[in-house]
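Here the structure comes first, spelled out in structure tokens, and everything after it is commentary.
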Amino acid sequence: MSNDESREHTFSVLVDNESGVLHRVVGLFSGRGYNIESLTVSEVEEEERLSKITIVTSGTPMIIDQIRAQLDRLVQVHNVANLTSDGPSVQREMALVKVTGKGEQRVESLRIADIFRAHVVDSTNSSFVFEVVGQTDKLDAFIELMKPIGLADVSRTGVVAIARGAET
Amino acid sequence: MSTKRFIGGEIIIKALIDQDVEVVFGYPGGVTLPLYDQIYKQNRLRHILVGHEQGGMHAAEGYARSTGKPGVVMATSGPGATNTVTGLVDALMDSIPLVCLTGQVTSNLIGNDAFQEADTTGITRSATKHNYLVKSTEDLARILHEAFYVATNGRPGPVLVDIPKDVLLGTGAYVGPEASEPRNYKPRLNPDAKAIEEAVDLLASAKRPIIYAGGGIVNSGPKASKLLTKLVRATGFPCTTTLMGLGTFPASDPLYIGMPGMHGTYEANLAMHDCDVMLNVGARFDDRVTGRTDAFAPGAKKIHIDIDPSSINKNIAVDVAVIGDAGKALDKIIGLWNKKKIKPDAKALKAWWRSIDKWRGIDCLAYDQDAKAAIMPQFALETLHKTLAGSDYYVTTDVGQHQMWSAQYLRFDEPNRWMTSGGLGTMGYGIPAAMGVQVAHPNSRVVCVTSEGSLMMNVQEMVTISKNNLPVKILSLNNNVLGMIRQWQELFHDNHESECDLSGGADFIKMAEAFGFTALSASRPDEAAGAIAEMLATPGPVFLNMAVARDENVFPMIPSGAAHNEIDLGPNKQLVSA
Ligand SMILES: Cc1cc2nc3c(=O)[nH]c(=O)nc-3n(C[C@H](O)[C@H](O)[C@H](O)COP(=O)(O)OP(=O)(O)OC[C@H]3O[C@@H](n4cnc5c(N)ncnc54)[C@H](O)[C@@H]3O)c2cc1C
Ligand SMILES: Cc1ncc(C[n+]2csc(CCOP(=O)(O)OP(=O)(O)O)c2C)c(N)n1
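These protein sequences, in sequence, are chains B and W.
Residue numbers 229 to 396, in the working numbering, belong to the letters of the first sequence in order.
Residue numbers -15 to 562, in the working numbering, belong to the letters of the second sequence in order.
Put into structure tokens, the structure is as follows:
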């Protein structure tokens, strides 16, 4: 039944920026056996002391509804949006990708970086650090292409997302 | 605003009094000494020194469940706090409002593995509805009031406030409850009118309806039980109540068909299975009730009234979700039912009741006492029921076979009269819970039904009971075995009685006497009624050690993960079909 299919969903959760809130959210996922594919958190409202947690998870429609209801009932949670099902949204992730190599490898890595609009943010005579921004699959593709050239290290931010349009 | 400043300990006392707290169950320790010094200096708030913090938790649960008010506990840091954990989870599972205040080491020592330090908020985060670590005396009053708000609003539950010693000793301003609503916790109480309309239309169309009522009705308050009763009687639909909902609809009413689920009645389970419309009010489709979920009420349209949106579609997908308070939803449903002048399909309903009466006719709770040398536990509880009937009484239980027989044979006509650990199934709940109930209702009869396994798990509270002159009656149905374990080993593990034998245990009569109880015993069937009457008539705390048949099983039984119509009625009864 297509209704039981597991799909990826991105939640955006506005929370009080207090100690313990991240533990509560993460504990909810681990305690109830939900997946976390990516998680980011940062303060977004200094005066009101609010943080936004973006969580990419996956599950059947019943599980996804449960996750939303479970998040929504936490005392420190102000708002829960399902950016996958509530309407169109923009999703971005950033990666810092270290590639090592000499000569032709360096040229090739710069050529790929150019195609992906990645920037060089650090360089030595045997390495580059690229900054690449985009959807998760774009980052995956970039990293995949760097592997044979000399991929040395990767750091990724995880997904941040926001609803499209004027509504907040 | 007043600028007067108070010491942290004083703020706690003031806040508790402003929250109408009459009694606190507690146990002191190093870091809570400043608080206990404030308790010493006042006489508005009653503090009951318990024997163990877990006992304090269950006492507070009994107090809360029997009054509808939050229960309050105080414990020290480290071991005091960790001793509260079972009680917190118990209250979380059964939606019991509690506020638990724990002491914490001085703020600047937190994280240093200080003496009696434990990461209490970390440990209890998944054991509470919410918890707080107070960082400054200035925040203390607001957080305490917020804790009461969160514990009692929406789906009730336990809230813990962890208070470092320096916060107890420091000074801060006091704010009252008015100023302390949490900034965004606003549970929804009023159901959506469209959902009510859909629910009423479905109920009106029903040919084989059932009303499945749960603990949420107790949480909503006595008015919700009255409304449930009104709705059931107005519709003429059969009503079943969960273990947590016993008493929300009068068991003496002919429309009552008993408890559903694993040890529920045959008629309730077959009616759940065969119904075409199910109205769930404040129950959570627990797996002990649903059995195998894909075989649960397969042909039924389901309506679910629950205050907690996360209860909806958690275990069972429903057709109509009514999110809000049970009492408010029932009121709206009855209003619309009357306004639309709905008459249920009388012919269909009659046929449905014919089926139910046929199931009822096999008398699934019948047992055989005659010609038995030992007291049957069922007989003991039926006798207890007859002896209590018509009086002002409360019953608590422990966990195991005696709990299930109590649920089957003690029949409640009112909510808040029955206290049991349903969701967590905590052995050791019964005695302290009875203590909490008796503290709340000093002039009522309070009986704890237990058995020798559970008895030993919080037996220390018998001392608290007798020291406080609480006339709690403990009926211990002793079968020399962890009965429920033995039953499962017999039925599902080739009768391998592994580590469940309790014979040769303590001399419970001497023990009860040492703890300040009047101790009685009975072991012959002809002694049972007299002993129960004597237990109830004897003033003060009484312990009745009643030896019961060892190898009796609780039936009916739906094996874990089976369907409702795969019910086992026990060796002597035959299934009938509708
Ligand atoms: C040994 C053993 C055997 C058991 N066997 C059985 C059995 O055979 N049958 C049985 O029924 N149980 C049995 N249980 C108990 C079972 O485990 C569950 O605890 C019980 O079924 C849950 O009851 P409930 O559905 O009424 O929900 P509760 O746990 O009482 O939950 C209440 C529900 O109501 C909601 N609610 C709270 N406040 C409100 C409000 N104001 N308005 C509306 N909704 C509200 C809550 O969100 C929640 O969903 C057994 C337990 C043990 C230990
Ligand atoms: C704290 C705790 N430990 C273990 C269990 C598992 N358990 C459930 S029922 C039961 C046996 C209870 O025995 P007893 O209290 O003597 O009651 P009986 O079944 O004999 O009536 C056990 C061990 C539990 N519910 N709680």
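For each residue, glycine too, the CB sits at the ideal point set by N, CA and C.
Keep in mind that this is a model prediction, so the values were computed, not measured.
| query | result |
| --- | --- |
| Between B/Thr364, B/Ile390, B/Ile343, which has its C-alpha nearest B/Met322's C-alpha? | B/Thr364 |
| In chain W, which residues lie less than 9 Å from B/Ala297 when you measure between Cβ atoms? | Asp292, Pro293, Ser294, Ser295, Ile296, Asn297, Lys298 |
| Chain W beta carbons: is any one of them nearer than 7 Å to that of B/Gln319? | no |
| Please classify W/Glu445: does DSSP put it in a helix, a strand, or coil? | helix |
| Can you give me the Cβ contacts of W/Leu0 inside the same chain, cut-off strictly under 8 Å, excluding the 5 residues immediately before and after it? | Val8, Leu29, Val56, Leu128 |
| Is W/Leu153 a contact residue of ligand 2, with contact defined as CB to any heavy atom under 6 Å? | no |
| Within the same chain, show all residues whose beta-carbon is closer than 6 Å to that of W/Gly(-7), passing over the 5 residues directly before and after it, in chain order. | Pro18, Leu19, Gln22, Leu152 |
| Thinking just about the alpha-carbon of each residue, which of W/Ala125, W/Gly14, W/Ala75, W/Asp146 is nearest to the one in W/Thr155? | W/Ala125 |
| With a threshold of 6 Å on Cβ separation, who are the neighbours of B/Met229 within its own chain once the five nearest residues in sequence on each side are excluded? | For B/Met229, the pLDDT reaches just 40, beneath the cut-off of 50, and the residue's location in the model is therefore unreliable, leaving the point undetermined. |
| Which residues in the same chain as W/Lys312 place their Cβ atom closer than 7 Å to its Cβ, once the five residues preceding and following it in sequence are excluded? | Leu173, Asn174, Pro175 |
| Check whether the Cβ of W/Thr226 sits closer than 6 Å to any heavy atom of ligand 1, and report yes or no. | yes |
| Rounded to whole angstroms, what is the Cα-Cα separation between W/Met360 and W/Pro523? | 27 Å |
| Can you tell me which of the three DSSP states W/Glu550 falls into? | helix |
| Just list the alpha helix (DSSP H) runs in the segment 157 to 228 of chain W, keeping only unbroken ones of 4 residues or longer that don't cross its boundaries, in chain order. | 177 to 189, 199 to 204, 206 to 219 |
| With distances taken between CB atoms, is the gap from W/Ala531 to W/Asn462 smaller than 7 Å? | yes |
| Does the Cβ of W/Glu251 have 16 or more other Cβ atoms within 10 Å, making it buried, or fewer, making it exposed? | buried |
| What residues in its chain sit with their C-beta under 7 Å from that of B/Pro376, if we drop five residues either side in the sequence? | none |
| Return yes when at least one heavy atom of ligand 1 lies under 6 Å from the C-beta of W/Met58, else no. | no |
| When the Cα atoms are used, what is the spatial distance from W/Thr225 to W/Val89? | 45 Å |
| Are there 16 or more other CB atoms within 10 angstroms of the CB of B/Ile343, so buried, or fewer, so exposed? | exposed |
| Spell out the partners DSSP gives W/Gly402 in its beta bridges. | The residue you asked about is not Gly; residue 402 of chain W is Trp in the sequence shown. Its beta-bridge partners are W/Val379. |
| Short of 9 Å Cβ to Cβ, which residues in the segment 98 to 118 of chain W face chain B? | Thr105, Gly106, Arg109, Ser110, Lys113, His114, Asn115, Tyr116, Leu117 |
| What does the Cβ neighbour count give for W/Pro416, buried or exposed, with the cut at 16 atoms within 10 Å? | buried |
| What three-state label does DSSP hand W/Leu454 in the structure shown? | coil |
| Kindly examine ligand 2 and report whether one of its heavy atoms sits closer than 6 Å to the Cβ of W/Val532. | no |
| Hey, is B/His237 close to ligand 4, as in C-beta under 6 Å from one of its heavy atoms? | Of the ligands this structure carries, namely ligand 1 and ligand 2, none is ligand 4. |
| Residues of the segment 265 to 299 of chain B with a CB closer than 8 Å to any CB of chain W: list them in chain order, please. | Met290, Asp293, Gln294, Ala297, Gln298 |
| Examine ligand 1 and report whether any of its heavy atoms sits within less than 6 Å of the Cβ of W/Ile287. | no |
| Measuring only the C-alpha atoms, how far is W/Asn115 from W/Asp4? | 21 Å |
| With DSSP run on the structure shown, which of helix, strand or coil describes W/Lys494? | helix |
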